[in-house]
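All the letters of the sequence shown, read from the start, carry residue numbers 505 to 771 under the numbering used here.
First comes the structure, then the notes that go with it.
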Amino acid sequence: MVFGLFARVARVRVTVGYAAIVTCVTVALVILGPRIHDRVVRHASTNLHNLSHGHFGTLLDSAFVMDDGPIYVWLPGLLCVLALAELMWRSRRLVVAFALGHIGATLVVALGLTAAIELDWLPVSVSRATDVGMSYGVMAVLGALTAAIPGRWRPAWIGWWLAVGLTVAVIGHDFTDVGHTVALVLGMLVSTRFGHPARWTTSRYVLLVISAAFGYLILANTEPSTVVAAGVGALSALVADRLTRRRLTRRAPALPTPVTAEPALQV
505 MVFGLFARVA
515 RVRVTVGYAA
525 IVTCVTVALV
535 ILGPRIHDRV
545 VRHASTNLHN
555 LSHGHFGTLL
565 DSAFVMDDGP
575 IYVWLPGLLC
585 VLALAELMWR
595 SRRLVVAFAL
605 GHIGATLVVA
615 LGLTAAIELD
625 WLPVSVSRAT
635 DVGMSYGVMA
645 VLGALTAAIP
655 GRWRPAWIGW
665 WLAVGLTVAV
675 IGHDFTDVGH
685 TVALVLGMLV
695 STRFGHPARW
705 TTSRYVLLVI
715 SAAFGYLILA
725 NTEPSTVVAA
735 GVGALSALVA
745 DRLTRRRLTR
755 RAPALPTPVT
765 AEPALQV
């Protein structure tokens, strides 16, 4: 029994290790108090101020410092997303997807904010906004599940998430909304290079449902965006599914018309 437990944990060792680290960091910051917490968040934030001063270590540190509310709210969802991806793609690919989303989306957002400040579209104060947590990495991992989704569901999956992400990015009032969508797209793109996933089981489908719900709450984190994005996403998923089915129907070869033999003439 003990050996079997260790074998199961070993299959999701990256998930367990990462969750253990962020849990320890979160608990320690709660114990140390709000003043230390705020100082650590400012130091680990991947904002323009820190990056422009050469604090590139924040690209790593920010993934282990959470500022997303009580740990019991986000930890179960985090475990489900990472565990599912690690079971389907194995540990190395999970790390690649998470790192690409966390770092890649951060840098894309930083470039966009720099341009917006230079063009006077945003105030300079946004360069010191706090930006820490696991949300970019989680969205990239969720996007990386795209290539593992069964083919008959994949068009609807892609249509749903792209529509939700773009809708939230347009109507949102925070640059992290754009970052989440960028991370999601990066995850979808990298998943095309991951090869063949592991097989689906009932427990993995359950993890997928929980992971999708958690990812949606990360994207649509306000009441207006939750309602609007759900409607747009559902419509987009339906359209993507219908278009794909129609295209497959047109490509299907027509069955030959059976030739009936002429009746023999009676002499």
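C-beta: ideal position from N, C-alpha, C; glycine also.
Less than 6 Å between the CB of glycine 558 and some heavy atom of the ligand NAP, yes or no?
For the structure depicted, the ligand NAP is absent and the ligand set is empty, with no information on it obtainable.
Starting from methionine 592, follow the alpha helix (DSSP H) in both directions and report where the run begins and ends.
Working through the sequence shown from its first residue, we reach residue 592 at position 88. Note, methionine 592: alpha helix (DSSP H), 575-593.
State buried or exposed for glutamate 622, treating a residue as buried only when at least 16 other CB atoms are found within 10 Å of its CB.
By one-based count along the sequence shown, residue 622 stands at place 118. Exposed, by the Cβ-count rule.
Simplified DSSP assignment, three categories, for tryptophan 625:
Taking the first residue of the sequence shown as 1, we reach residue 625 at position 121. Tryptophan 625 falls in the coil class under three-state DSSP.
Quick check: methionine 592 and alanine 702, are their CB atoms within less than 7 Å of each other?
Against the sequence shown, residue 592 aligns to sequence position 88. Against the sequence shown, residue 702 aligns to sequence position 198. Taking 7 Å as the Cβ cut-off, methionine 592 and alanine 702 qualify as a contacting pair.
DSSP three-state call for proline 654: helix, strand or coil?
Here residue 654 is taken as the residue at index 150 of the sequence shown, counted from 1. If DSSP states are grouped into helix, strand and coil, proline 654 belongs with coil.
Could you tell me whether the Cβ atoms of alanine 648 and alanine 609 are closer together than 7 Å?
Your numbering for residue 648 matches position 144 in the sequence shown. Your numbering for residue 609 matches position 105 in the sequence shown. For alanine 648 and alanine 609, no; Cβs fall outside 7 Å.
Rounded C-alpha distance that separates alanine 523 from threonine 753:
The residue given as residue 523 occupies position 19 in the sequence shown. The residue given as residue 753 occupies position 249 in the sequence shown. When rounded, the distance between both Cα atoms is 45 Å.
Pop quiz: asparagine 551 and aspartate 635 are said to be a contact at Cβ under 8 Å. What is the actual Cβ separation, rounded to whole angstroms?
As a first step, residue 551 is located in the sequence shown; it is residue number 47 there, counting from the start. As a first step, residue 635 is located in the sequence shown; it is residue number 131 there, counting from the start. Contact holds; Cβ gap of about 5 Å.
C-alpha distance - arginine 672 paired with serine 629, whole-angstrom precision
In the sequence shown, the residue the question calls residue 672 occupies position 168. In the sequence shown, the residue the question calls residue 629 occupies position 125. The displayed chain sequence assigns valine, not arginine, to residue 672. Using only the alpha carbons, I get a separation of about 23 Å.
Can you check whether the CB of leucine 626 is closer than 7 Å to the CB of alanine 620?
On the sequence shown, residue 620 is found 116 positions in, with the first residue counted as 1. On the sequence shown, residue 626 is found 122 positions in, with the first residue counted as 1. Yes, the pair counts as a contact, with Cβ atoms nearer than the cut-off.
Three-state class that DSSP yields for asparagine 725 in the structure shown
Locating residue 725 in the sequence shown gives position 221, where the first residue counts as 1. Coil, per DSSP.
Contact belief for methionine 638 with methionine 570 at Cβ below 8 Å, rounded distance in angstroms
On the sequence shown, residue 638 is found 134 positions in, with the first residue counted as 1. On the sequence shown, residue 570 is found 66 positions in, with the first residue counted as 1. With 8 Å as the limit, methionine 638 and methionine 570 qualify as a contact, their Cβ atoms being about 7 Å apart.
As an exercise, report each continuous alpha helix (DSSP H) stretch of at least 4 residues that is fully enclosed by the stretch 702-751, in chain order.
706-723
Give the straight-line distance between the Cα atoms of glycine 669 and glycine 737, rounded to the nearest whole angstrom.
In the sequence shown, counting from the first residue as 1, residue 669 sits at position 165. In the sequence shown, counting from the first residue as 1, residue 737 sits at position 233. Glycine 669 and glycine 737: Cα-Cα distance of roughly 9 Å.
Compute the Euclidean distance between the alpha carbons of valine 732 and leucine 723, then round it to the nearest angstrom.
As a first step, residue 732 is located in the sequence shown; it is residue number 228 there, counting from the start. As a first step, residue 723 is located in the sequence shown; it is residue number 219 there, counting from the start. Cα to Cα, valine 732 sits roughly 12 Å from leucine 723.
Here's a check: name, in chain order, each residue in its chain whose Cβ is nearer than 7 Å to the Cβ of threonine 530, leaving out the five neighbours to either side.
Here residue 530 corresponds to residue number 26 of the sequence shown, with the count starting at 1. Excluding residues within five positions, the ones whose Cβ falls inside 7 Å are Met570 and Ile575.
Within its chain, find whatever has a CB closer than 6 Å to the CB of glycine 683; leave out the 5 residues flanking it on each side and keep chain order.
For the purposes of this step, residue 683 is taken as the residue at position 179 of the sequence shown. So the qualifying residues of the chain are Ala609, Val613 and Tyr640.
Leucine 759, DSSP secondary structure in three states:
Sequence index remark: in the sequence shown, residue 759 carries index 255 (1-based). Per-residue confidence for leucine 759 stands at a pLDDT of 46, beneath the threshold of 50, marking its modelled position as unreliable; no derived number is given.
Residue from Arg515, Val599, Val710 and Ala734 with nearest C-alpha to alanine 667
Numbered from its first residue, the sequence shown carries residue 667 at position 163. Comparing Cα-Cα distances from alanine 667 to each of Arg515, Val599, Val710 and Ala734, the minimum goes to Ala734.
Alanine 511 versus threonine 527 - alpha carbon distance:
Position 7 of the sequence shown, counted from the first residue, corresponds to residue 511. Position 23 of the sequence shown, counted from the first residue, corresponds to residue 527. Near 23 Å, if we compare the C-alpha coordinates of threonine 527 and alanine 511.
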